[in-house]
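Written out below as structure tokens is the structure these notes cover.
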Amino acid sequence: MASDRDPGASSEAEANADFAGMDEVLAAFTHAHAALPEEGASKLSACDDEVARATALFQRFWTEQVATQVLPPEARELLGPFERYRWCFEHVRCCMIFGYLLCQAPREFRGFSVYLKRYWLCVREVLGTPVHNPPLSAERQDFLTLVRALSEAYRPALAD
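Position one of the sequence shown corresponds to residue 334 (this note's numbering), numbered consecutively onward.
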């Protein structure tokens with residue numbers, strides 16, 4: 334007797350189970366964007382507010398469980414316990430936040446630099462080498478190296 338089941342249905346169900354949290358991710362993005370004030374792209378809220386919203390958004394769905402689910406079994410076995418690669422998990426969150434913030438609205442060089450500094454601080458914290466207050470000379474040079482690289486990347490946009 335032939336089955337009425339679609340042969341692709343079980344693999345689709347398995348794929349959906351792998352990303353069971355995707356509905357929550359989409360709901361979190363929808364909620365975050367619904368909470369944004371009705372402002373034009375040129376009127377941005379304060380940097381601190383944007384960073385706080387982005388952090389809350391990504392902490393909600395970029396969890397240990399999600400990070401573990403997106404890794405193939407071979408990678409999980411190779412990496413071992415989550416605590417061994419927690420720093421990497423946190424670094425990925427910094428990258429997501431930075432990318433998300435940059436894509437929210439057009440950024441001029443100065444605005445981009447502000448978010449670059451936030452990203453740099455985030456990564457330094459995650460790596461266990463937080464920046465001193467005030468920054469040490471070597472830390473200032475480290476950040477200035479990033480700003481110089483940003484200015485080189487940004488230069489073609491200024492020519493337009």
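Glycine residues also receive a C-beta, built at the ideal position from the N, C-alpha and C atoms.
All values reported here derive from a predicted model rather than from experimental measurement.
Glu383 vs Leu434 beta-carbon contact at 9 Å: Contact: yes.
Length of the line joining the Cα atoms of Arg451 and Phe445: If I take the Cα positions, the gap works out to 10 Å.
Cβ-based burial, Arg473 [other Cβ within 10 Å; buried from 16]: By the neighbour-count criterion, in which a residue is buried when 16 or more other Cβ atoms sit within 10 angstroms of its Cβ, Arg473 is exposed.
Separation of Gln437 from Leu390, as counted between CA atoms: Taking the straight line from one Cα to the other gives about 14 Å.
Contact under 9 Å by Cβ, Val464 with Leu454: Yes, they are a contact pair.
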